[in-house]
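Per the numbering used here, residue 6 is the first one in the sequence shown, and the count goes up by one each step.
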Amino acid sequence: MSTVQELADQLFTAEQTKQAIAPIAEQIKAIAGKEDPLKVAYEIQQINLKRRTKSGARIVGKKIGLTSLAVQQQIGVDQPDYGSIFAESAHGTYEVIDGSSWIQPKAEAEIAFVLAKDLNKEKHTLADIISATEYVLPAFEVVDSRIANWKISLLDTVADNASYVAFVLGGQPVPLSHIDLSRCGMYIERQGQEVSVGAGVNCLGNPLNAAVWLADRMVAMGTPLKAGEILLSGALGPMVGLGREESLTAHIEGLGSVTLIIE
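Here's what the structure looks like:
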């Protein structure tokens, strides 16, 4: 039977070599035995996060994954998850990004919260999130599973840092007082063609609900969200597959647009 360290090593090697591996969910369940296998999956995630930070990577926030029913249905899971995001893979709108190290990337249109205050209560409210948020931005998250053909369960993606690989931020900060996130429409276009349509309501009913979920979860894990961190809300609509040398633009009502360019 594989160990937690061995499964973490397999995921790390898959990322480094661009060779996706078979699903590891059953091995995670075997390790867990009668315990919660989700806890084991997050232990695997933490091993590789520590490996990256020891190599100089800097965590700048968190991503919430699987908040959209459309995305949950696309990949066959039934609850959110979270992972860490890094300064080294943060980009601005229209920045040309080298995607040559990615395996099977997809893009999601999301809302980025930039925090001005810590979120350290045991239970948070929507008002707590609003008070703690300095501003929001339109964003793309690029996800890239190290599991072959995206044949993932919740355990696979949690172990794989919630399938994170990069993110792109728009350039026009918007105060939360200026927008109703639950009602904002979203569409992604590629060469003038709509390829994904959604809305804030698709993200746990309201992206603020996703932020509450994450804030509570991080306090429970002993690592509360801090001022200055970036929080990616999760997808507002279906993921879009990415090829080489292409661009996508996401338009989010009330927030403007953000453009992802891959070379």
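Just so you know, even glycine gets a beta-carbon here, dropped at the ideal spot from N, CA and C.
List the whole-angstrom C-beta distance separating residue 128 from residue 234, where the pair is believed to meet the contact cut-off of C-beta under 8 Å.
-> Actually they are not in contact, since the Cβ atoms of residue 128 and residue 234 sit about 19 Å apart, beyond 8 Å.
Simplified DSSP assignment, three categories, for residue 18 = helix
Where does the unbroken alpha helix (DSSP H) through residue 223 begin, and where does it stop?
-> 212-225
According to the neighbour-count rule (16 or more other Cβ atoms, all chains shown, within 10 Å of its Cβ), is residue 50 buried or exposed?
-> buried
Helix, strand or coil: which one does DSSP assign to residue 182?
-> helix
Around the C-beta of residue 244, are 16 or more other C-beta atoms found within 10 angstroms, so that it is buried, or is it exposed?
-> buried
How long is the line joining the alpha carbons of residue 76 and residue 242, rounded to whole angstroms?
-> 7 Å
Might you give, ordered along the chain, the residues of its own chain that have their beta carbon closer than 7 Å to the beta carbon of residue 140, omitting 5 neighbours on each side?
-> 119, 178, 179 and 180
Given that a residue counts as buried once 16 or more other Cβ atoms are within 10 Å of its Cβ, and exposed if not, what is residue 343?
-> Not covered by the structure: residue 343. The range shown for the chain is 6 to 268.
Hey, how far is the Cα of residue 253 from the Cα of residue 205?
-> 19 Å
Exposed or buried, what is residue 59 when buried is set at 16 or more other beta-carbons lying within 10 Å of its beta-carbon?
-> exposed
Could you check what DSSP says for residue 25 in three-state terms: helix, strand or coil?
-> coil
Starting from the C-beta of residue 151, find all residues in its chain whose C-beta is less than 7 Å away, skip the five residues before and the five after it, and write them out in chain order.
-> 16, 19, 20, 25, 26, 108 and 165
Should residue 36 and residue 9 be called a contact, given that it needs their Cβ atoms to be closer than 8 Å?
-> yes
Residue span of the beta strand (DSSP E) that contains residue 120, given as start and end = 110-120
Backbone CA spacing between residue 144 and residue 102 [nearest angstrom] = 15 Å
What are the complete beta strand (DSSP E) segments, minimum 3 residues, inside the region 53-107?
-> 64-70, 86-91 and 95-97
Unbroken beta strand (DSSP E) run spanning residue 262, endpoints | 261-267
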